[in-house]
Amino acid sequence: MKPVFLLVLSLFGLTSMRATGEANFCLMTSQAALRSCRAKARSDLWLAFGKCDNVADAAKRRNCKEHASATLKDALSECGDQYSVRQSACQRLGPEPYDPIIDPANFVDRIDNPYFPLTPGTVYIYEGQIQDGLERDEFFVTHKTVKILGVTTVEVHDTVTVDGQLTEDTLDWFAQDKDGNVWYFGENTMELENGRPSTLAGTFKAGVNHAKPGIVMEAHPAIGDFYRQEFDLGNAEDFAEVKSLSDTVTVPVGTFTQCLRTLETTPLEPDLKEAKWYATGIGNVLTKDLNTGEKSKLVRIEFR
Numbered sequence: 064m065k066p067v068f069l070l071v072l073s074l075f076g077l078t079s080m081r082a083t084g085e086a087n088f089c090l091m092t093s094q095a096a097l098r099s100c101r102a103k104a105r106s107d108l109w110l111a112f113g114k115c116d117n118v119a120d121a122a123k124r125r126n127c128k129e130h131a132s133a134t135l136k137d138a139l140s141e142c143g144d145q146y147s148v149r150q151s152a153c154q155r156l157g158p159e160p161y162d163p164i165i166d167p168a169n170f171v172d173r174i175d176n177p178y179f180p181l182t183p184g185t186v187y188i189y190e191g192q193i194q195d196g197l198e199r200d201e202f203f204v205t206h207k208t209v210k211i212l213g214v215t216t217v218e219v220h221d222t223v224t225v226d227g228q229l230t231e232d233t234l235d236w237f238a239q240d241k242d243g244n245v246w247y248f249g250e251n252t253m254e255l256e257n258g259r260p261s262t263l264a265g266t267f268k269a270g271v272n273h274a275k276p277g278i279v280m281e282a283h284p285a286i287g288d289f290y291r292q293e294f295d296l297g298n299a300e301d302f303a304e305v306k307s308l309s310d311t312v313t314v315p316v317g318t319f320t321q322c323l324r325t326l327e328t329t330p331l332e333p334d335l336k337e338a339k340w341y342a343t344g345i346g347n348v349l350t351k352d353l354n355t356g357e358k359s360k361l362v363r364i365e366f367r
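Going left to right, the sequence shown walks through residues 64 to 367 as the numbering used here numbers them.
And the structure:
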């Protein structure tokens, strides 16, 4: 007899077995997320129809339902795009469950990875022109620590403004293991519109509701490396790939050679492709949205 959970998955067509007969957990995760996404899209349709039914004017009611149906079509297409990104990632990550072993004894009390040093009191200031105006990002490595999964993490306060108005306010938590890998343990993030909170999407903490930490910077990056930076299914799923170790980058704070370049993607925004450059001893010096061409450049480093 099949175990109950496999029987349930079989009923929904969600099992995927490797040639060896073993389960492909990465593929199963992608399929489960796809089914969830489609179910939510259809649920949203019925709620929209219910609202349309309370529009007295027949023509407006019909238009309301047509709009809801079009929204469903777009949402289902987005579900498919998300699935494609996850599947592509699975081909590179392999079939095993993503369940990194986090042993507090394997972590150190500093973050000095040359590509991602986080010295308390340091403020990295980035600026760039975007469609809505001048974006300014202040990445402040605080003197605070937060214990997550038994690991003491460094808290970073990251704020983004556009033309002086706060649009994002985030607390990030990082820690470095003995090998030099920098792990990302979560974030408490809030986006704002017109000065008011609009969403907390992306907020997660490793160990809560099966969320897992990921590696934000490897100890020894190699071209072609592909890895998860975070994992909270349906909420936080960034991937990174090492593309170069020898780029030259010029930003307001200077010119840097032998820079590391990564490409970041996420199934939650299937079209997003973001390149990031890291200079030894500094960290992130440039970020570029490869679709829009918008750049965020390191303009100043301060100490508090």
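Quick reminder that beta carbons are idealized off the backbone N, C-alpha and C, glycines included.
Pairing D226 with A86, the inter-Cα distance amounts to about 51 Å. When the Cα atoms are used, V214 and D242 turn out to be separated by approximately 15 Å.
In the same chain as F366, and ignoring 5 residues on each side of it, the C-beta atoms closer than 8 Å to its own belong to G184, T185 and V186, in chain order. Taking all protein chains shown into account, K114 has fewer than 16 neighbouring C-beta atoms within 10 Å of its C-beta and is therefore exposed. Take the alpha-carbon of W109 and the one of N117: they are about 13 Å apart.
For V209, no alpha helix (DSSP H) encloses it; the enclosing beta strand (DSSP E) starts and ends at G196 to I211.
A straight line joining the alpha-carbon of D172 with that of F237 spans about 11 Å. In this structure, the CA atom of A138 is about 16 Å from the CA atom of V148. With contact defined as three or more Cβ pairs closer than 8 Å, the region 308 to 325 and the region 350 to 364 are in contact. For L139, the enclosing alpha helix (DSSP H) has its first and last residue at A121 to L156. Under the DSSP assignment, A238 falls in the beta strand (DSSP E) whose first and last residues are Q228 to D240. Contact between the region 329 to 342 and the region 155 to 167 is not established, with fewer than three Cβ pairs separated by less than 8 Å. DSSP places R98 in the helix class (H, G or I) of the three-state scheme. Rounded to whole angstroms, the Cβ separation of E231 and T252 is 7 Å, and the two are in contact under 8 Å. Non-local beta-carbon contacts of Q194 in its own chain, meaning distances under 8 Å to residues more than five positions away in sequence, involve T355 and E357 in chain order.
For F88 and A104, the gap between their C-alpha atoms comes out near 24 Å.
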